[in-house]
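The structure appears below as structure tokens.
There are 2 protein chains.
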Amino acid sequence: MRDGRATRRGRPGYDRESLLRVAVKVFNERGYDGTSMDELAKRLGISKSAIYYHVSGKDELLRLAVDRALDRLFAAADEAAGVEGRAIDRLEHLVRASVAVLVAEQPFVTLLLRVRGNTAVEKRALARRREFDRLVAGLVEQAEADGDIRPDIDPVITARLLFGLVNSLIEWYRPRRGGAGADDIADALCKVAFDGLRRRSATGG
Amino acid sequence: MRDGRATRRGRPGYDRESLLRVAVKVFNERGYDGTSMDELAKRLGISKSAIYYHVSGKDELLRLAVDRALDRLFAAADEAAGVEGRAIDRLEHLVRASVAVLVAEQPFVTLLLRVRGNTAVEKRALARRREFDRLVAGLVEQAEADGDIRPDIDPVITARLLFGLVNSLIEWYRPRRGGAGADDIADALCKVAFDGLRRRSATGG
Numbered sequence: 000m001r002d003g004r005a006t007r008r009g010r011p012g013y014d015r016e017s018l019l020r021v022a023v024k025v026f027n028e029r030g031y032d033g034t035s036m037d038e039l040a041k042r043l044g045i046s047k048s049a050i051y052y053h054v055s056g057k058d059e060l061l062r063l064a065v066d067r068a069l070d071r072l073f074a075a076a077d078e079a080a081g082v083e084g085r086a087i088d089r090l091e092h093l094v095r096a097s098v099a100v101l102v103a104e105q106p107f108v109t110l111l112l113r114v115r116g117n118t119a120v121e122k123r124a125l126a127r128r129r130e131f132d133r134l135v136a137g138l139v140e141q142a143e144a145d146g147d148i149r150p151d152i153d154p155v156i157t158a159r160l161l162f163g164l165v166n167s168l169i170e171w172y173r174p175r176r177g178g179a180g181a182d183d184i185a186d187a188l189c190k191v192a193f194d195g196l197r198r199r200s201a202t203g204g
Numbered sequence: 000m001r002d003g004r005a006t007r008r009g010r011p012g013y014d015r016e017s018l019l020r021v022a023v024k025v026f027n028e029r030g031y032d033g034t035s036m037d038e039l040a041k042r043l044g045i046s047k048s049a050i051y052y053h054v055s056g057k058d059e060l061l062r063l064a065v066d067r068a069l070d071r072l073f074a075a076a077d078e079a080a081g082v083e084g085r086a087i088d089r090l091e092h093l094v095r096a097s098v099a100v101l102v103a104e105q106p107f108v109t110l111l112l113r114v115r116g117n118t119a120v121e122k123r124a125l126a127r128r129r130e131f132d133r134l135v136a137g138l139v140e141q142a143e144a145d146g147d148i149r150p151d152i153d154p155v156i157t158a159r160l161l162f163g164l165v166n167s168l169i170e171w172y173r174p175r176r177g178g179a180g181a182d183d184i185a186d187a188l189c190k191v192a193f194d195g196l197r198r199r200s201a202t203g204g
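Below, the structure is given as structure tokens:
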């Protein structure tokens, strides 16, 4: 019902979506725990009751934000699951689609990756992250069984390293006009992760 | 002078070092901005004045913590700089030494990597991090000039990806008895980063 009335009626300047975007920005800057509703209202330039018009509180803002990030990541996983071919191809597809999600929804994914598990919303987000990790580990395991991934590393560790690499993007990658785009970054990341940064004498790179 | 009197005199239970360790743990759990001196005192089970006996405040605790992490990382870089051979060998040495620092000083490095630049202490930490990044990028560039690193990725991006991978360890790696140790993780990470996770038909992995 709330979505239906998330209009600007009586609250010029913010609908629920723009309120959420500013809140996520503030949470990322100050930390979720470190941001009070008073501070949030101050940053938004509106009253606390104006915030409560849209959401039940900080907790709901966090839930909306982390669910957005998680929903997109699971959509990427569904998409990858539909790719024909070998498990390693589905894995690479998932990596590329995840990079696209991270770049497109950076503030939301940043907030998700900083969740520490202090509240019920955070615990649920951590549980969904673990589900995603298991899914990646399953793909790695299958690709290793296919003989496409090196067998000398534990698949769980390979999966962790691979998505550690993907997730690390939020720490440094910022799309810039004329700079590397999401596709360029996905290409570079896949080259390093799948083939390594060492130059191969046989292929000359 | 402070270090000289950082004894248990009159303040049983904490010297400056153990106070720092608990503070870093609390900062990592609750966020630095989200932790007040009152909360810190509560968690330590001592009065605020007992904390002020050891340090001038939250800010000094943060400075001590991030400097510990940064000093260790720069020591790793100095060590790597002394390695004979090619730039790629120095780079691999730096990656391994950095993994060792991350594992040994995980709470300190975690705090460092979450610094957002809100205060002078944080800005200085970010500046030292950038200096470290430049150092890594310089090694990558040299290794590429030597023909040891693939030339089809911008060295700055290669360096970012490589240390993104290293830094991602703090998010998931926890040393456990019988589990993968720091050396195992460094091995796996170097295999993936330098040679890739794809099985090579020529070498069989």
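For the record, the sequence lines run as chains A and B.
Residues in the first sequence are numbered from 0 upward in steps of one, following numbering that gives the first Met the number 0.
Residues in the second sequence are numbered from 0 upward in steps of one, following numbering that gives the first Met the number 0.
Ideal Cβ placement from N, Cα and C applies to all residues, glycine included.
Checklist entry - Counting only beta-carbon atoms, is Ser-167 of chain A nearer than 8 Å to chain B? => result yes
Checklist entry - What residue does the alpha helix (DSSP H) around Gly-163 of chain A start on, and which one ends it? => result 154 to 171
Next on the checklist: Closest to Arg-127 of chain B by C-alpha separation, out of B:Asp-153, B:Asp-66, B:Gly-33, B:Glu-16, would be which residue?
Outcome noted: B:Asp-66
Checklist entry - From the beta carbon of Glu-157 of chain A, is the nearest beta carbon of chain B less than 8 Å away? => result According to the sequence shown, residue 157 of chain A is Thr rather than Glu. With 8 Å as the cut-off, Thr-157 of chain A counts as an interface residue toward chain B.
Item to check | Backbone CA spacing between Asp-182 of chain A and Arg-129 of chain A [nearest angstrom] | outcome: 26 Å
Checklist entry - Where do the N-terminal and C-terminal ends of the alpha helix (DSSP H) with Asn-27 of chain A fall, by residue? => result 15 to 29
Checklist entry - Can you tell which of B:Leu-39, B:Ser-48, B:Arg-197 has its C-alpha closest to the C-alpha of Glu-143 of chain A? => result B:Arg-197
Item to check | Gly-163 of chain B at chain A interface by Cβ criterion, 8 Å | outcome: At least one chain A Cβ lies under 8 Å of Gly-163 of chain B.
Next on the checklist: Our contact map puts Val-191 of chain A next to Leu-160 of chain B with C-beta atoms below 8 Å; I'd like the distance itself, whole angstroms only.
Outcome noted: 5 Å
Item to check | Inside the region 93 to 152 of chain A only - alpha helix (DSSP H) runs reaching at least 4 residues | outcome: Residue ranges of uninterrupted alpha helix (DSSP H) with 4 or more members, entirely inside the region 93 to 152 of chain A and ordered along the chain, are 105 to 113, 119 to 144.
Item to check | Buried or exposed (CB count within 10 angstroms, at least 16 for buried), Lys-57 of chain B | outcome: buried
Checklist entry - With 16 as the cutoff for other CB atoms within 10 Å, does Gly-44 of chain A come out buried or exposed? => result exposed
Next on the checklist: Mapping the DSSP letters down to three states, classify Arg-199 of chain A as helix, strand or coil.
Outcome noted: coil
Checklist entry - Just checking my contact of Asn-166 of chain A with Leu-90 of chain A at CB under 8 Å: how many whole Å lie between their CB atoms? => result With 8 Å as the limit, Asn-166 of chain A and Leu-90 of chain A do not qualify as a contact, their Cβ atoms being about 16 Å apart.
Next on the checklist: For a test of the three-state rule: what should DSSP assign to Glu-38 of chain B, helix, strand or coil?
Outcome noted: helix
Item to check | contact_flag[the region 24 to 32 of chain B, the region 32 to 44 of chain A] where n(CB pairs < 8 Å) is 3 or more | outcome: yes
Next on the checklist: For a cutoff of 8 Å on Cβ pairs, would you count Leu-19 of chain B as touching chain A?
Outcome noted: no
Item to check | Proximity test, Cβ basis, 8 Å: Glu-140 of chain A and chain B | outcome: no
Checklist entry - Are the beta-carbon atoms belonging to Arg-85 of chain A and Asp-14 of chain A less than 8 Å from one another? => result Taking 8 Å as the cut-off, the Cβ atoms of Arg-85 of chain A and Asp-14 of chain A do not count as close.
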